[in-house]
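Plus 193 on top of the position in the sequence shown (first one is 1) and you've got my numbering. First the structure, in the form of structure tokens, and then the observations on it.
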Amino acid sequence: MRVVITGFEPYLEYAENSSWEVARAVASRDNCGVEVVAELLPVSFTRVGDALRGAVERNKADYIILLGQSGGSDRVKLERIAINMMDARNVDNDGFLPNEQPIDQSDSAALFTTLPVKALRSAIEAKGVGVKISNSAGLYVCNRSYFEALRLCREQRVKGALFVHLPYYEGQSSAKPGKPTIVLEDMVTAIQTIIINITTDK
């Protein structure tokens, strides 16, 4: 069983990105026999889709866990839905600023994960980590990557995909003052719990 876990590169004023720090930490651990490969994605509306597809094909992934930074959140957020739209207040790393632009006019308005988000929430809560379910991954590059991942599921290239938004981690130098932080190890535990639960007896 092989899982590709993705995190994003630095962007805007963030010299560190909690998503990548957690992704590479998880990939370096023992994940109960599951092979986990970390892949760095670009903060680019136009490039992230191809980058994700390339990572999945290169690694022959069975599952995709996508991570993104959600500065200001006080807990891990499990995303249910990817919306077929790109919109942003800030440019991406290519300087692109979409304005309510569809990802693909010929596709569905939204795609839903088939993974059991409520059961995963319960499993993470049992580990003592703050977690909630979210019904909007926003409209920035995180959502764009999730839409592509769920299309890969629909095409049966992978068995399942989930996007997880993460807070800043304790000690993150680019975290905005006064915003919540979480111990990085707790976020690693949350993601490992997801991986073990979705791959057990599959």
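Ideal Cβ positions, reconstructed from N, Cα and C, are used throughout, including at glycine.
Sheet register partners of residue i (DSSP bridge)
i, result
"THR386", "In DSSP, THR386 forms no bridge with anything."
"VAL138", "The structure shown does not extend to residue 138, since the chain spans only 194 to 395, so no value can be given for it."
"LYS270", "LYS325 and HIS358"
"GLN262", "LEU359"
"LEU234", "PHE201"
"THR239", "Bridge partners of THR239: none, in fact."
N- and C-terminal bounds of the beta strand (DSSP E) containing residue i
i, result
"ILE276", "274-276"
"SER327", "324-327"
Cα-Cα separation, residue i to residue j
i, j, result
"GLN262", "VAL227", "24 Å"
"SER301", "GLN365", "37 Å"
"ARG240", "LEU332", "16 Å"
"ARG344", "PRO373", "33 Å"
"VAL215", "GLU293", "30 Å"
"GLU232", "GLY371", "30 Å"
"VAL269", "ASP280", "23 Å"
"TYR361", "GLU209", "10 Å"
"LEU290", "GLU318", "37 Å"
"SER221", "PHE201", "17 Å"
Minimum C-alpha distance to residue i - residue among the options
i, options, result
"ARG217", "PHE305, THR393, ASN390 and GLU378", "GLU378"
"GLY247", "ALA342, VAL376 and LEU260", "ALA342"
"GLU348", "GLU250, VAL230, THR199 and ALA220", "GLU250"
"ILE257", "PRO360, PHE340 and SER367", "PHE340"
"THR402", "ALA208, GLU272, VAL322 and ILE296", "As shown, the chain starts at 194 and ends at 395. That puts residue 402 outside it, with no answer to give."
"ALA354", "ALA316, ASN390, THR382 and GLU202", "ASN390"
Range covered by the alpha helix (DSSP H) that runs through residue i
i, result
"ARG217", "211-220"
Distance cut-off 6 Å: residue i Cβ against heavy atoms of the ligand SAM
i, result
"GLY242", "Looking for the ligand SAM in the displayed structure turns up nothing, as the structure carries no ligands at all."
Length-filtered (3 minimum) beta strand (DSSP E) runs lying within the stretch 292-337: 303-305 and 324-327
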